[in-house]
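Numbering (the numbering used here), first residue to last: 969 to 1164.
In this text, a Cβ means the ideal position worked out from N, Cα and C, and glycines have one as well.
Keep in mind it's a predicted model, so treat the numbers as computed, not measured.
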Ligand code: ZN
């Protein structure tokens, strides 16, 4: 599904007439993957393998929540542009800005949702390190090419630390119209284990 960026329509909230939100939400209906990564230590290896094969994919639950909220706010964007490093989840070409919605477990956020499996610990640590290195490389390539990068972490949208999609959308829009080169939601400093 491709949306062409058309900028902010007229601010947040005006497009929330009863029924419209639900209809637009339905427009985004797809097979969403909710990653319950904070439970990964407690599942068997077969289940973990199934879950891990689903992470890193596009159209995850948190991504769909954010996309729905941004769409309600009047933003339009291109999805999953494979022509850009890391295939950013949302691309705002006019603002020269991209957004990644990162799963906390797979991208090793360091928050309460990114625990390390008790078994094959070294294997997973090296895997997470490689993922973080790849993410950093993609961010560097994007900024070198004149793009700004926003990383919206799963824990901002799912679980005990979550805020509503509309609240996150406000932060996203504020960032889109700022000069910030790279930013995280939540701010990375507040993303210590157990604090977000
Ligand atoms: Zn997180």
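#1: Measure the Cβ-Cβ separation of residue 1034 and residue 1127 and say whether it is below 8 Å.
#2: Just list the residues that DSSP pairs residue 1151 with in beta bridges.
#3: Tell me the DSSP secondary structure of residue 1058 in three-state form.
#4: Can you name, in chain order, every residue of its own chain whose Cβ lies under 6 Å from the Cβ of residue 1100, other than the five neighbours on each side?
#5: Drop a sphere of 10 angstroms on the beta-carbon of residue 1118, count the other beta-carbons inside from all chains shown, and report buried for 16 or more, exposed for fewer.
#6: Using a Cβ-Cβ cutoff of less than 6 Å, which residues in the same chain neighbour residue 1070 once the five nearest sequence positions on both sides are dropped?
#7: Let's test the definition: count the other Cβ atoms within 10 Å of the Cβ of residue 1065 and tell me whether it reaches 16, buried, or not, exposed.
#8: Apart from the five residues on each side of it in sequence, which residues of its chain come closer than 7 Å, Cβ to Cβ, to residue 1059?
#9: Whose C-alpha, out of 1143, 1091, 1103, 1123, is nearest the C-alpha of residue 1116?
#10: Please return the same chain residues whose Cβ sits closer than 8 Å to the Cβ of residue 1111, not counting the five positions on each side in sequence.
Working from what's here:
#1: No, these two residues do not count as a Cβ contact at 8 Å.
#2: Residue 1151 is bridged to 1118.
#3: Strand.
#4: 1076, listed in sequence order.
#5: It counts as buried.
#6: Taking C-beta separations shorter than 6 Å and ignoring five residues to either side along the sequence, the partners of residue 1070 in its chain run 1119, 1121, following chain order.
#7: Counting Cβ neighbours within 10 Å, residue 1065 comes out buried, since at least 16 surround it.
#8: Once the five neighbours on either side are set aside, the close Cβ partners of residue 1059 are 1045, 1046, 1049, 1052, 1066.
#9: The candidate whose alpha carbon is nearest that of residue 1116 is 1143.
#10: Shown here for residue 1111: same chain residues with a beta carbon closer than 8 Å to its own, the five before and five after excluded, namely 1117, 1149, 1150 in chain order.
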